[in-house]
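In the numbering used here, the protein residues as written are 582 to 866.
Using N, Cα and C, we set each Cβ at its ideal position, and we do this for glycine too.
Just so it is clear, the structure is predicted and the values come from calculations on it, not from any experiment.
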Amino acid sequence: MSHQTYIKRITAPDIAARKGGEPIVVLTSYHAQTAALVDPHVDVLMVGDSLGMVFHGLETTVPVPLDLMVAHAQAVVRGSERALVVVDLPFGSYEESPAVAFRSAARLMKETGCGAVKLEGGVQMAETIAYLTARGIPVMGHIGMTPQAVNQLGGFAARGRRRAEWARFEDDARAVAEAGAFSMVIEAIAEALAARITKDVPIPTIGIGASAECDGQVLVLEDMLGLAPRVPKFVKEYAELRSAVEGAVKAYARDVRAGAFPAEEHTYSTLDEVPSAPKKVKISV
Numbered sequence: 582m583s584h585q586t587y588i589k590r591i592t593a594p595d596i597a598a599r600k601g602g603e604p605i606v607v608l609t610s611y612h613a614q615t616a617a618l619v620d621p622h623v624d625v626l627m628v629g630d631s632l633g634m635v636f637h638g639l640e641t642t643v644p645v646p647l648d649l650m651v652a653h654a655q656a657v658v659r660g661s662e663r664a665l666v667v668v669d670l671p672f673g674s675y676e677e678s679p680a681v682a683f684r685s686a687a688r689l690m691k692e693t694g695c696g697a698v699k700l701e702g703g704v705q706m707a708e709t710i711a712y713l714t715a716r717g718i719p720v721m722g723h724i725g726m727t728p729q730a731v732n733q734l735g736g737f738a739a740r741g742r743r744r745a746e747w748a749r750f751e752d753d754a755r756a757v758a759e760a761g762a763f764s765m766v767i768e769a770i771a772e773a774l775a776a777r778i779t780k781d782v783p784i785p786t787i788g789i790g791a792s793a794e795c796d797g798q799v800l801v802l803e804d805m806l807g808l809a810p811r812v813p814k815f816v817k818e819y820a821e822l823r824s825a826v827e828g829a830v831k832a833y834a835r836d837v838r839a840g841a842f843p844a845e846e847h848t849y850s851t852l853d854e855v856p857s858a859p860k861k862v863k864i865s866v
């Protein structure tokens, strides 16, 4: 009798318990193949609405619909087995009211099997976070630079670089934590502010452009793999796959045009082919 190894998925409470402990590793993933590659090495797979920009060529995350998040999240859950899968609630799917947010979040969890959702906003979204968590939906918050508000903010610039701005971000962080979120993303804020917030709140902070002072880090996978033509200052490129992919495609195109691909080892012969008679060898004496 064969015994299949059971792998327990990391849960939202597992991540919450990591406050002040071993740094939490988070990467985005948008489909099953990358999820399978990344899953053994991270704690959280983030199905971010950044997929609208990275995967679908949109200028911002604002146009991303809930249906698209569901489809990509389903693929990531299927491709992974260990990491907690957190899925973004896209713009327009949760801001109207806590009840609307619950319907969107419940759909994500029911149709994808993800372990938590993420939403942007601080003080103004605290009531919604409390409403969701009271009804069994783990919520990861997101404060600082909030990409869904890009039209209101006027761009993707870093936030909280002047001390006079700090109070509002600290208020946001406290409100998210007190509302019951199990963790929060802090995006593109000054290092000193990130350190202050991380010490102040009882839940883990996941930084993206917020320094190593946070309890964990998240990056967009395609950015850190060197696939994006341009990346923000806070990204470290751990590979240069853009040039590698371009080189491979050029080589493939060259081989096809030269008739060098497919070669004999890439083709199939017919199974009922009649073998040709062996050639007679003339022996001279």
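Here valine 720 is not near alanine 756, since their CB atoms are 8 Å or more apart.
Look at glycine 601 here: in three-state DSSP terms it is coil, with no helix or strand label. Looking at the DSSP output, alanine 682 bridges to nothing. Scanning its chain for C-beta atoms nearer than 6 Å, with the 5 sequence neighbours on each side dropped, one finds around arginine 659 the residues Ala613, in chain order. Short of 6 Å from the beta carbon of glycine 629, and not among the five residues preceding or following it, lie these beta carbons of its own chain, in chain order: Thr609 and Asp669.
Judged by DSSP secondary structure, serine 824 falls within the alpha helix (DSSP H) whose first and last residues are 822 to 839. The count of Cβ pairs closer than 8 Å, one atom from the segment 822 to 838 and one from the segment 769 to 787, stays below three, leaving the stretches out of contact.
Between phenylalanine 763 and isoleucine 596 a beta carbon distance of about 6 Å is seen, short of the 8 Å cut, so the two are scored as contacting.
The C-alpha of threonine 851 is placed about 46 Å away from the C-alpha of valine 623. With respect to the C-alpha of proline 604, the residue from Pro621, Phe672 and Val625 having the closest C-alpha is Val625. By the 16-neighbour rule on beta-carbons within 10 angstroms, phenylalanine 672 is buried. With respect to alanine 791, alanine 809 sits apart: the two C-beta atoms are not nearer than 8 Å. Under the 8 Å Cβ criterion, the segment 741 to 761 does not count as touching the segment 683 to 695, having fewer than three qualifying pairs. Taken in chain order, the complete beta strand (DSSP E) segments of 3 residues or longer contained in the segment 655 to 712 are 665 to 669 and 697 to 699.
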